[in-house]
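Enquirer: With my numbering applied, the sequence shown corresponds to residues 34 to 372, in that order.
Using N, Cα and C, we set each Cβ at its ideal position, and we do this for glycine too.
Here the structure is a predicted model, which is why all the values come from computation and not from measurement.
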Amino acid sequence: MIEIEKASEIKRLVEKSDRFAILVHRNPDGDAVGSSLALAHFLRGMGKIADVIVPNAFPDFLKWLPASDSVVNFEQKKEEAVELLNKADIIFCLDFNALSRIGEIADIVSPLSTPRILVDHHLYPEDGFVVALSNTAACSTAELVYNLVDYLGDGALPSRYIAECLYTGIMTDTGNFAYASNRKEIYIVVARLIEAGIDKDLIYRRVFYNYSIDRLRLFGYVMNHKLSYYPQSNATLITLTYNEMRRFNAIKGDTEGLVNMPLQIKGVRFSCFLREEQPGKINVSLRSVDDFPCNSVAADFFSGGGHKNASGGEVQGTMEEAVERFNRAIEKYADELVK
Ligand code: 5GP
Ligand code: MN
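If you want it as structure tokens, here you go:
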């Protein structure tokens, strides 16, 4: 899963360094927060200083993760984050493939001469890292971090904290082992994490059974009123405006999983979710099944990218403009959608 020469180079760099900053992508998910906290716990266990910096807030259902309160949110604590980045001997970049994915932090990090190490599972990692542990076959960055800390720790069982963080990353990025999860090695890692003391069923409940009544009502509203079905194209579209989000008191993470639901409809191969993050800015989430490449759609129509079956992007414009792009997308990809 990880190349030994690269892991050994990381070991050399880690051993001679004292301070680490760990960065993840904007709108951090379970894999971003889980894998970065796991690495921070591991480095702290080696007596190092390690700080996790996120570009913006992460969902409440990840707040139980061990030491999640030590995470520095750049949007809220810019000065502290900049200071930590300036002081770091090494900057770890986890769960993203290009600096454009970390928003404004890119402007701080780009000019720094601090060595950057990438650990990631997205396609097409950009240059600029002293070591890039990049493997698109990995189910999650957490799986790669497991392999890395296993190597750095000479095969020792990880602490329960590390194991809880890593399991959260693996579980969320595979939709609780529903996609990107056919490799047997994943289950060998999971077995080790259970050996390390995690309660996987409890972690499931902490992450997936941790919503408000508002969130369930929001899902009900969306399924009833905001889901468009295009049977000729095997595609679906969900739109949600800023005002609708406010009406249901939606908080960060409340729309997580929404884009996957229409894939439950028999025959649907492509699901698109357009969420008005703020007036004039539409966040785009795309999901597909089988070989339909929603990352190509993201790149062609939504200035984005991602994995073949899970990708995203954005539209700077109105919801109408975003819907128009979706319509053009299903037209352009008609052949691939109906096969
Ligand atoms: P989500 O829909 O959960 O926000 O994103 C799903 C996946 O799409 C992410 O794991 C990431 O790989 C990719 N993705 C989301 N937004 C963007 C974007 O703006 N640019 C690129 N290149 N990929 C994105
Ligand atoms: Mn990931």
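Using a Cβ-based criterion (distance less than 7 Å to any ligand heavy atom), does S192 qualify as near ligand 2?
Expert: No.
Enquirer: Using 10 angstroms around the beta-carbon of K39, count the other beta-carbons present and answer buried if the total reaches 16, otherwise exposed.
Expert: By the 10 Å Cβ count, K39 comes out buried.
Enquirer: Helix, strand or coil for F91 per DSSP?
Expert: It is coil, neither helix nor strand.
Enquirer: Apart from the five residues on each side of it in sequence, which residues of its chain come closer than 7 Å, Cβ to Cβ, to Y366?
Expert: Taken in chain order, the residues that qualify are V330.
Enquirer: Mind reading off the beta-carbon distance from T169 to V152? Whole number of angstroms is fine, and I expect it under 8 Å.
Expert: The pair is not a contact, with the Cβ atoms about 13 Å apart (cut-off 8 Å).
Enquirer: Just the Cα atoms here: how many angstroms apart are L307 and L190?
Expert: Near 42 Å, if we compare the C-alpha coordinates of L190 and L307.
Enquirer: Just to be sure I understand the criterion: a residue counts if its Cβ is closer than 5 Å to at least one heavy atom of ligand 1. Which residues meet that?
Expert: This criterion selects S318, G337, G338, G339, A343, S344, G345, G346.
Enquirer: For the alpha helix (DSSP H) containing E137, name the first residue and the last one.
Expert: No alpha helix (DSSP H) holds E137; DSSP gives it neither H nor E.
Enquirer: Any heavy atom of ligand 2 closer than 7 Å to the Cβ of H154?
Expert: Yes.
Enquirer: Let me know the alpha helix (DSSP H) ranges lying completely inside the segment 36-81, each 4 residues or longer, listed in chain order.
Expert: 37-48, 63-78, all fully within the segment 36-81.
Enquirer: Check whether the Cβ of S329 lies closer than 7 Å to any heavy atom of ligand 2, and answer yes or no.
Expert: No, Cβ of S329 sits at least 7 Å from all heavy atoms of ligand 2.
Enquirer: So the alpha helix (DSSP H) K110 belongs to, where does it begin and stop?
Expert: That residue, K110, is in no alpha helix (DSSP H); it is neither H nor E in DSSP.
Enquirer: S101 to L56, Cα distance in whole Å?
Expert: Going from the Cα of S101 to the Cα of L56 covers about 14 Å.
Enquirer: Report whether the distance from the Cβ of T288 to the nearest heavy atom of ligand 2 is below 7 Å.
Expert: Every heavy atom of ligand 2 is 7 Å or more from the Cβ of T288, so no.
Enquirer: Along the alpha helix (DSSP H) that carries F241, what are the first and last residues, could you check?
Expert: It spans 233-241 - the alpha helix (DSSP H) in which F241 sits, taken as one unbroken run.
Enquirer: E309: buried (16+ other C-beta within 10 angstroms of its C-beta) or exposed?
Expert: Buried: at least 16 other Cβ atoms inside 10 Å.
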